[in-house]
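One structure is given below, encoded as structure tokens.
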Amino acid sequence: MSDPRKQTNPWIMRSDIRLALVTGLGAGLGLMNQVPFGFYVPLSTAAVLSGSYGNSMKLSIQRILGSVMGVVIVLLFSRGLQLPLPLGLGLALASVRLLGGALGLQVGYKVAGNIVIMGWLVHNAEETTWGMSRLFWTAFGVALSLWATRYIWPSGTIPSLHRQFARFIDELIQEFRLEQQQLKDVTPKRVPITRRRARRTELLHKINALRQGRDQAQVELGLNPENHPLHQLWTELDLLISQLMSVLDGLRGLPAPVQSPPFIKVLHLQEADVLNCQIELMTALAGNLRRPDLVGKQCLDLKSLSKLNRNLEAAARQLTANLEVHEDRAGRDADIAPERMRQIVLRTSLIEHGASVLHDCLPGMAGSKPVTATR
580 MSDPRKQTNP WIMRSDIRLA LVTGLGAGLG LMNQVPFGFY VPLSTAAVLS
630 GSYGNSMKLS IQRILGSVMG VVIVLLFSRG LQLPLPLGLG LALASVRLLG
680 GALGLQVGYK VAGNIVIMGW LVHNAEETTW GMSRLFWTAF GVALSLWATR
730 YIWPSGTIPS LHRQFARFID ELIQEFRLEQ QQLKDVTPKR VPITRRRARR
780 TELLHKINAL RQGRDQAQVE LGLNPENHPL HQLWTELDLL ISQLMSVLDG
830 LRGLPAPVQS PPFIKVLHLQ EADVLNCQIE LMTALAGNLR RPDLVGKQCL
880 DLKSLSKLNR NLEAAARQLT ANLEVHEDRA GRDADIAPER MRQIVLRTSL
930 IEHGASVLHD CLPGMAGSKP VTATR
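The opening residue of the sequence shown carries number 580 in the working numbering; numbering runs sequentially from there.
Structure, rendered in structure tokens:
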């Protein structure tokens with residue numbers, strides 16, 4: 580039997596191969612160029628290129644800020660103040676630590692300290708030329724690294740999260756199909772309570788796994804992920820599936836529908852039509868989430884979803900109007916007990932709530948400007 584650790588922890592990963600390729604490419608571009616000190620390109624790419632775009636962005640900002648701070652401090656203390664070497668170098672390194680802490684740098688201040696020591700002790704005759712060249716090549720290496728994380732074997736965390744959302748919506752569709760079938764059956768049977776609880780626990784576990792995947796994918800969004808369109812899309816989707824779960828729990832807690840008298844059967848068929856429109860909209864939403872271009876476009880196909888949403892709204896409005904008519908009729912009909920009528924009204928209200936949840940939570944449907952519009 581093969582060792583499972585060899586399957587989960589391979590010796591060589593794509594990110595390692597990408598690092599080697601980009602570092603080699605950067606070294607070649609830097610050394611073949613006429614601008615001096617091109618060897619800082621591979622040093623920069625090796626320092627900032629990681630497995631995800633978000634981590635690479637954070638490291639890149641630290642590297643740039645540290646480099647700028649180091650060049651400014653070495654020029655200020657070595658050329659401007661003209662202090663004795665021991666005193667000036669000590670004050671310069673202390674300034675690096677203080678400014679690095681003030682800027683919240685975690686690793687960038689180490690780069691700044693290295694620049695101060697190298698610039699003062701090794702390149703003291705050409706500090707300005709060396710400093711500007713190093714800043715140029717550092718910025719070039721950072722840009723090369725960020726480009727590589729996007730276009731050379733990019734992380735599949737975000738597409739994987741979208742597929743997770745789509746699969747969970749498929750799970751909810753299956754549950755709502757069962758409720759729809761019960762409304763159509765002549766003698767529907769209520770799902771046993773043990774099975775309902777087991778299914779609910781299973782769905783809750785999947786929601787927790789989905790949210791963990793969302794936390795991992797959020798790293799890919801770079802700085803201020805809460806302002807990113809995809810983050811707002813994920814927030815809307817999380818709210819949507821949570822509220823649909825609540826609607827489903829409410830429907831599962833009701834007794835099985837009874838297809839009598841005839842006008843109640845008609846009402847149940849209209850409820851099934853609303854659920855059918857809801858299922859069509861959820862199916863289209865799941866298909867949108869599986870599109871490979873969603874990561875780049877950062878928005879759903881709101882045109883097709885809006886059409887299905889209007890159909891759902893129309894069916895829900897019709898159901899509401901018919902329920903009001905049937906409530907008046909049921910009040911005069913001695914064959915329908917008040918308790919049963921309350922259950923009928925509650926089922927209809929839950930189905931209408933599910934329709935309104937899709938309208939209000941589905942990104943871009945309720946507002947005048949879609950939150951997923953490219954900014």
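Beta carbons are placed, not taken as given, at the ideal position from N, Cα and C, and that holds for glycine.
Taking 8 Å as the threshold, find out whether the stretch 867-879 comes into contact with the stretch 737-745 through three or more Cβ pairs. Flag = yes, the stretch 867-879 and the stretch 737-745 touch.
Inter-residue CB distance, Ile858 and Arg756 (contact presumed, cutoff 8 Å): For the purposes of this step, residue 858 is identified with residue 279 of the sequence shown, where counting begins at 1. For the purposes of this step, residue 756 is identified with residue 177 of the sequence shown, where counting begins at 1. About 6 Å separates the two Cβ atoms, so the contact holds.
Less than 8 Å separating the beta-carbons of Met648 and Ile752? The count along the sequence shown starts at 1 and reaches residue 648 at position 69. The count along the sequence shown starts at 1 and reaches residue 752 at position 173. Contact: no.
Collapsed DSSP secondary structure at Ala913 in the structure displayed: As a first step, residue 913 is located in the sequence shown; it is residue number 334 there, counting from the start. With a pLDDT of 49 at Ala913, under the threshold of 50, the modelled position of this residue cannot be trusted; read the value that follows with caution. Coil, per DSSP.
Exposure of Ser839, with buried meaning 16 or more beta-carbon neighbours within 10 Å: Against the sequence shown, residue 839 aligns to sequence position 260. The residue is exposed, with fewer than 16 neighbouring Cβ atoms inside 10 Å.
Reference Ile696, options Val686, Leu668, Leu723 and Leu891, closest by Cα: As a first step, residue 696 is located in the sequence shown; it is residue number 117 there, counting from the start. Ile696 has its Cα closest to that of Leu668, out of Val686, Leu668, Leu723 and Leu891.
8 Å contact criterion, which Arg778 and Asp828 should meet: CB distance rounded: Here residue 778 is taken as the residue at index 199 of the sequence shown, counted from 1. Here residue 828 is taken as the residue at index 249 of the sequence shown, counted from 1. 10 Å between Cβ atoms; not a contact.
Would Lys763 and Ala851 qualify as a contact pair, given that the criterion is a beta-carbon distance under 8 Å? As a first step, residue 763 must be located in the sequence shown, where it is residue number 184. As a first step, residue 851 must be located in the sequence shown, where it is residue number 272. Taking C-beta atoms as the reference points, Lys763 and Ala851 count as a pair closer than 8 Å.
Rounding to the nearest angstrom, what Cα-Cα distance links Lys637 and His702 in this structure? Taking the sequence shown and counting its residues from 1, the one referred to as residue 637 is at position 58. Taking the sequence shown and counting its residues from 1, the one referred to as residue 702 is at position 123. Approximately 29 Å between the Cα atoms of the pair.
Between the stretch 609-620 and the stretch 713-725, are three or more C-beta pairs nearer than 8 Å? Verdict: yes, contact present.
So, under 8 Å CB-CB, Leu884 and Leu864 are touching, yes? Tell me the CB distance rounded to an integer number of Å. Here residue 884 is taken as the residue at index 305 of the sequence shown, counted from 1. Here residue 864 is taken as the residue at index 285 of the sequence shown, counted from 1. Contact between Leu884 and Leu864 holds, since their C-beta atoms are separated by about 7 Å, short of 8 Å.
Rounded to whole angstroms, what's the CA-CA distance from Asp595 to Thr728? Just pull it up for me. The residue given as residue 595 occupies position 16 in the sequence shown. The residue given as residue 728 occupies position 149 in the sequence shown. Spanning the two alpha carbons is a distance of roughly 12 Å.
Three-state secondary structure assigned by DSSP to Val770: As a working mapping, residue 770 is identified with position 191 in the sequence shown. Three-state DSSP puts Val770 in coil, outside helix and strand.
Which term fits Ala704, buried or exposed, when burial requires 16 or more other beta carbons within 10 angstroms of its beta carbon? If you number the sequence shown from 1, residue 704 lands on position 125. Exposed is the call here.
Locate the alpha helix (DSSP H) running through Met648, then write down its first and last residues. On the sequence shown, residue 648 is found 69 positions in, with the first residue counted as 1. DSSP places Met648 inside the alpha helix (DSSP H), whose first and last residues are Tyr632 to Leu654.
Considering just the uninterrupted stretch of the alpha helix (DSSP H) at Ala704, what are its terminal residues? Indexing the sequence shown from 1 puts residue 704 at position 125. From DSSP, Ala704 is part of no alpha helix (DSSP H); its letter is neither H nor E.
Using only alpha-carbon positions, find the residue among His938, Gln641, Ser935 and Leu929 that is nearest to Glu758. Within the sequence shown, residue 758 is the residue found at index 179, counting from 1. Residue Leu929 holds the alpha-carbon nearest to the alpha-carbon of Glu758 among His938, Gln641, Ser935 and Leu929.
In terms of residue numbering, what span does the alpha helix (DSSP H) encompassing Trp813 cover? Counting from one through the sequence shown, the residue named residue 813 turns up at place 234. Residues Pro808 to Arg831.
Rank Asn888, Glu706 and Leu654 by C-alpha distance to the C-alpha of Val853 and give the top, closest one. Sequence index remark: in the sequence shown, residue 853 carries index 274 (1-based). For Val853, the closest alpha carbon among the candidates Asn888, Glu706 and Leu654 is that of Asn888.
Quick one: what does DSSP say Gln613 is sitting in, helix, strand or coil? Position 34 of the sequence shown, counting from 1, holds the residue named residue 613. Here Gln613 sits in coil by DSSP.
For Gln838, three-class secondary structure by DSSP: Taking the first residue of the sequence shown as position 1, residue 838 is located at position 259. Of the three classes helix, strand and coil, the one that applies to Gln838 here is coil, per DSSP.
To the nearest whole angstrom, what separates the beta carbons of Thr624 and Ser734, a pair I think is in contact under 8 Å? For the purposes of this step, residue 624 is identified with residue 45 of the sequence shown, where counting begins at 1. For the purposes of this step, residue 734 is identified with residue 155 of the sequence shown, where counting begins at 1. Between Ser734 and Thr624 the Cβ distance is about 17 Å, and since that is not below 8 Å, they are no contact.
Does the count of Cβ pairs from the stretch 760-774 and the stretch 652-668 closer than 8 Å reach three? No, they do not touch.
Contacts around Ser635, its chain only, beta-carbon distance under 7 Å, and the 5 residues preceding and following it disregarded: To locate residue 635, count along the sequence shown from 1; it is residue 56. Non-local beta-carbon contacts of Ser635 in its own chain, meaning distances under 7 Å to residues more than five positions away in sequence, involve Val627, Leu628, Ser629, Ser724, Leu725 and Thr728 in chain order.
Would you call Thr602 buried or exposed, if buried means 16 or more other Cβ atoms sit within 10 Å of its Cβ? As a position in the sequence shown, residue 602 is number 23, starting the count at 1. By the 10 Å Cβ count, Thr602 comes out buried.
Look at Leu672 and Gly645 and say whether their C-beta atoms are less than 8 Å apart. Within the sequence shown, numbered from 1, the residue matching residue 672 stands at position 93. Within the sequence shown, numbered from 1, the residue matching residue 645 stands at position 66. Cβ distance not < 8 Å, so Leu672 and Gly645 don't count as in contact.
Which residue wins for smallest C-alpha separation from Tyr632, given the options Arg746, Glu750 and Gln795? On the sequence shown, residue 632 is found 53 positions in, with the first residue counted as 1. With distances taken between Cα atoms, Tyr632 lies closest to Gln795.
Beta-carbon separation of Val651 and Glu706 under 8 Å? Here residue 651 refers to the residue found at position 72 when the sequence shown is read from its first residue. Here residue 706 refers to the residue found at position 127 when the sequence shown is read from its first residue. In this structure, the beta-carbon distance from Val651 to Glu706 does not fall below 8 Å.
For the candidate residues Asp880, Arg597, Pro836 and Val770, whose alpha-carbon lies nearest to that of Glu918? Walking along the sequence shown from the start, residue 918 turns up at place 339. For Glu918, the closest C-alpha among the options Asp880, Arg597, Pro836 and Val770 is that of Pro836.
For Thr766, tell me which candidate among Cys856, Gln791 and Lys844 has the shortest Cα-Cα distance. For this step, residue 766 is matched to residue 187 along the sequence shown. Ranking the options by Cα distance to Thr766, first place goes to Lys844.
Would you say Asn803 and Cys856 are within 8 Å of each other, going by their C-beta atoms? Residue numbering aside, residue 803 sits at position 224 when the sequence shown is read from its first letter. Residue numbering aside, residue 856 sits at position 277 when the sequence shown is read from its first letter. With contacts defined by Cβ atoms closer than 8 Å, Asn803 and Cys856 do not form a contacting pair.
Would you decide whether Gln849 is buried or exposed? Buried here means 16 or more other CB atoms lie within 10 Å of its CB. Looking up residue 849 in the sequence shown gives position 270. By the Cβ-count criterion, Gln849 is buried, with 16 or more other Cβ atoms from all chains shown falling within 10 Å of its own Cβ.
Could you check the C-alpha separation between Thr773 and Leu800 for me, to the nearest Å? Counted from its first residue, the sequence shown places residue 773 at position 194. Counted from its first residue, the sequence shown places residue 800 at position 221. Annotation: Thr773 to Leu800 spans about 41 Å, alpha carbon to alpha carbon.
Straight-line Cα distance separating Val798 from Ala789: Here the question's residue 789 lines up with position 210 in the sequence shown. Here the question's residue 798 lines up with position 219 in the sequence shown. Just to set this straight, residue 789 is Leu in the shown sequence, not Ala. Roughly 15 Å between the two C-alpha positions.
Look at the Cβ atom of Phe747, then the Cβ atom of Lys785, and state whether they are nearer than 8 Å. Locating residue 747 in the sequence shown gives position 168, where the first residue counts as 1. Locating residue 785 in the sequence shown gives position 206, where the first residue counts as 1. Cβ distance < 8 Å, so Phe747 and Lys785 count as in contact.
Beta-carbon gap between Arg676 and Ile694 smaller than 8 Å: Mapped onto the sequence shown, residue 676 falls at position 97. Mapped onto the sequence shown, residue 694 falls at position 115. A distance of 8 Å or more separates the beta carbons of Arg676 and Ile694.
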